Amino acid sequence: MNSDPNKPSTDENSQLIGNASRKELLAWALYDFANSGYTTVVQTTIFSAYFVGVVAGEAQGIAPGLSTLLWSLAIGIANFIVMISGPLIGAVADHRACKKLFLLISSVGCIVSTALLALVGPGDIWLGMVLVTLSAIMFASGENLIAAFLPEIVPEQNMGKMSGYGWSLGYFGGLLTLAICLAYITWAKQHGLAETHFVPVTLLITAAIFALTATPTFLWLHERAIPGALNQALSNLQISYARLAHTFKEAARFRDLIRFLITLAVYQSGVSTVVVLAAVYAQEVMGFDTQSLIVLIMVVNVTAAVGAFICGHLQDRIGAIPTLAITLLLWIVAVMVALFATTPAMMWVAGNIIGLAMGASQSVGRALVSKFSPTERAGEFLGLWGLVNRLSAIVGPLSYGLINYWSNGNHRMSLLSTLAFFIVGLVLLFRVNESRGKAAAIIDNTD
């Protein structure tokens, strides 16, 4: 008997799983390729360092450490908004079967706001923060929505592999975008152009690549979800709250999902910190310039793609929990190397270990939540995954930014909080029972 009136029947549900063509699977993975340029250029490498060093730099009369804190606040505000809206959007998308429409809206929003960042120059602190916040909201919403397609297009036993393919392809997308940006920056410097000229152009390049490479996703990826029974007396917001209330009432039934989400919230706080502040650390502590940063992140993207690809296969062989434990150990080693780095060579070693760990941990986390999610409620459960990611993206960078501000710009002291997130996350991971979590999702599918 189906205990939730909003759920499709078992026969309907069976039609949703694993019947995607190779072209459609490629279309799904290409979205990771498309949106990765945004994270690498805006959040990780070029614009983050540009904002801290130029837009809100000391030349603008900003106190030491405050520019890093302002950057962290912009990212934190964006992730707080997505943390609240993500599960609600996911629930509505499931009920109305409109994930693809919402994905299109979020993609266009991210592309347009990224292009508008080209207008931000020295002293345009509030404009920069507003546009970064808007672009980050749209990016994160799209990330949740594309993940929600995963349980529909591949069977459970292949989710880890497919998630790994997507993350791996995504890092190559970031690599392509960075390579084109590096080529332009090199040309611009040879012609005597300043940073205030070539950084805005890289943002336009990033927006254009996102728009172009995301197009196959909207042409080939199909919406398999079946709309739930419409209740004209309820608004979309009321429907989404009702579905989320149903999920939280069953928290005991999905206890391994809840335990993993708590674990994810902790270690992902460390990952989020590295994503948005690694370039700032390399620039401010190790003295990397824009070109050096781009080359470093390009190489890191290659190792991240390798890590995502290997661990996508590895988790389907030995399980997601052991695979994730390995990646968290890599994170701990990498952060310790960066913490004690005194030469650029040591930073290169840390960066490549980070690459291997980053691709693996993000791929494994998405796949494990997908395995713990009933198929017909994938948008809702992946919305919770997004909520946790957004919470982590608030706590991690903001803790780094606050410590940096209170310590008058001491980045090494700030990095200690990042190390703590990975250590605690590794301890919490061993409370999660992977087999029991997958069994709970299967039982819900057959209710």
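Residues 387 to 833 in the working numbering are what the sequence shown lists, from first letter to last.
Cβ atoms here follow ideal geometry from the backbone N, Cα and C, with glycine treated the same way.
For clarity, every value in this text was computed on a predicted model and none was experimentally measured.
Between the Cα of residue 456 and those of 712, 518, 544 and 472, spot the shortest distance and give me the residue it belongs to. 518
| query | When burial is assigned at 16 or more other CB atoms within 10 Å of the CB, is residue 868 buried or exposed? | reply | This structure does not reach residue 868, given that the chain is present from 387 up to 833, and the question cannot be answered.
Q | CB of residue 526 within 8 Å of CB of residue 468, strictly | A | yes
task: Indicate the three-state DSSP secondary structure (helix, strand or coil) for residue 785 in the structure shown.
output: helix
Quiz item: Mapping DSSP to helix, strand and coil, what is residue 545?
Solution: Helix.
- Message: In whole angstroms, give me the CA-to-CA distance for residue 770 and residue 679.
- Response: Spanning the two alpha carbons is a distance of roughly 33 Å.
Check your understanding: Would the beta-carbon of residue 693 fall within 8 Å of that of residue 663?
Key -> no
Whole-number beta carbon distance between residue 534 and residue 589, since they are thought to touch under 8 Å: Actually they do not touch by this definition, with Cβ atoms about 28 Å apart.
Do you know how far the Cα of residue 792 is from the Cα of residue 613?
About 51 Å.
According to DSSP, is residue 510 part of a helix, a strand, or is it coil?
coil
For this session: Over the uninterrupted alpha helix (DSSP H) stretch that includes residue 612, give me the two end residues.
Result: Counting along the chain, residue 612 falls outside any alpha helix (DSSP H), and DSSP gives it neither H nor E.
| message | I need the straight-line Cα distance from residue 583 to residue 493, nearest angstrom please. | response | Those two C-alpha atoms are separated by around 26 Å.
Open item on the list: Alpha carbons only, please: which of 448, 814, 471 and 439 is nearest the one belonging to residue 644?
Closed with: 814
Using 8 Å as the Cβ pair cut-off and three pairs as the minimum, do the segment 442 to 450 and the segment 670 to 689 touch?
-> no
ask   = Under a three-way DSSP split, which group does residue 476 fall into?
value = helix
- What is the DSSP secondary structure of residue 394, reduced to helix, strand or coil? Note that residue 394 scores a pLDDT of 40, beneath 50, so its modelled location is shaky and nothing firm can be said.
- Determine, using beta carbons only, whether residue 653 and residue 801 come nearer to each other than 8 Å. no
| said: Classify residue 409: buried if its beta carbon has 16 or more other beta carbons within 10 angstroms, exposed otherwise. | reply: Residue environment analysis places residue 409 among the exposed positions, since fewer than 16 neighbouring C-beta atoms fall within 10 angstroms of its C-beta.
Checklist entry - For residue 507, which residues of its own chain have a beta-carbon under 6 Å away from its beta-carbon, when the five flanking residues on both sides are left out? => result 582
(message) With the cut-off set at 8 Å, would you say residue 706 and residue 671 are in Cβ contact?
(response) no
### Query
Are residue 547 and residue 702 closer than 8 Å when you measure CB to CB?
yes
Cutoff 8 Å; reference residue 369; Cβ partners in own chain excluding five residues on either side: An answer regarding residue 369 cannot be provided, because it is not within the stretch 387 to 833 covered by the chain.
Drop a sphere of 10 angstroms on the beta-carbon of residue 716, count the other beta-carbons inside from all chains shown, and report buried for 16 or more, exposed for fewer. Counting the other CB atoms within 10 Å of its CB gives residue 716 a total of 16 or more, which places it among the buried residues.
For the alpha helix (DSSP H) that contains residue 489, what are its first and last residues? 485 to 502
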